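Below is one structure; the comments refer to it alone.
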Amino acid sequence: MNLMQPFTDPAAVARYATETPRKVPGFADLQRMAMVLLAEHAPPAADILVLGAGGGLELHAFAAAQPAWRFLGIDPSAEMLDLARRMLAPVGPRIELLQGYIDDAPLRQFDGATCLLTLHFMSSDERLRTLRELRRRLKPGASLVVAHHSRPPGGALHRWLSRSLAFAGVAADPERAAASATAMAAHLPILSSDKDEALLRDAGFSDIELFYAGFTFRGWVATA
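Under our numbering, the first residue of the sequence shown is numbered 70, with each subsequent residue one higher.
Written out as structure tokens, the structure is:
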């Protein structure tokens, strides 16, 4: 699946910075938690890889909280990276932005990595390959933080998506929420949380722990 497809439309890109915090429960706190988890095993002047960095929201939060960290942000969408550059201008010297996918990231050993709100665009096979490539680029013992759409094991995806959409205000009445959930489920390859954890293990990560859950969004921290 082409990750660029949802984020090349100028109107969608323009809405990203305001709509995403509204759609994701506890969005700002998710970023703060990710930063705390990265800091547990990162040195004071850490080198952090951010996959799916378009828009610059998490990079802005991380850079503001950690003035000695350096970052490489990667995203396939040129439009989203332009948005990130505008947002990150005040802290620009510490942040390198690269258009591309995980294969375009240098094979240096990073002190930590994040992949937020990105993996749910990928098929199971694509996710596993991406996670393995992330693992190759992390120092032993470094943390990876991921968060994306994921359903509870045995939970009805359609019901949980309807709840997420109602929370976001996308579809307030049940019928509209159900219709939107059907369309969303057809578009995104959302996996169950046990499958997501299995992919992290198969990619070579250990100490996989759930740290965040909000309707269909879930987040994990894992050790390289």
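Positions of the beta carbon are idealized from the N, C-alpha and C atoms, including for glycine. On a predicted model such as this, the values are computed, not experimentally measured, just so you know.
Per the C-alpha coordinates, the member of 190, 180, 121 and 230 positioned closest to residue 208 is 180. Positions of the alpha helix (DSSP H) runs, each at least 4 residues long and wholly inside the stretch 134-202, are given as 147-157 in order along the chain.
DSSP, reduced to helix, strand and coil, places residue 292 within a strand of the structure shown. Secondary structure at residue 234: helix, using DSSP grouped into helix, strand and coil. Put simply, the backbone Cα of residue 222 is about 36 Å away from that of residue 135. Secondary structure note for residue 82: its alpha helix (DSSP H) is the uninterrupted segment 79-92. Separation of the CB atoms of residue 118 and residue 152 is rounded to 19 Å, and the pair is thereby denied contact status at 8 Å.
Non-local C-beta neighbours of residue 165 in its own chain, meaning closer than 6 Å and more than five positions away in sequence, comprise 141, ordered along the chain.
If you draw a straight line from the Cα of residue 177 to the Cα of residue 248, it is about 45 Å long. Annotation: residue 96 to residue 126 spans about 10 Å, alpha carbon to alpha carbon. When C-alpha distances from residue 79 are compared across 255, 157 and 146, the shortest belongs to 146. The C-alpha of residue 128 lies about 16 Å from the C-alpha of residue 111. With a beta-carbon spacing of about 12 Å, residue 90 and residue 236 fall beyond the 8 Å limit used to define contacts. Residue 192 has its alpha-carbon roughly 25 Å from the corresponding atom of residue 211. Closest in C-alpha terms to residue 229, from the list 262, 160 and 202, comes 262. If you check the CB distance, residue 273 and residue 163 do not come in under 8 Å. Looking at the DSSP output, residue 283 sits in a beta bridge with 286.
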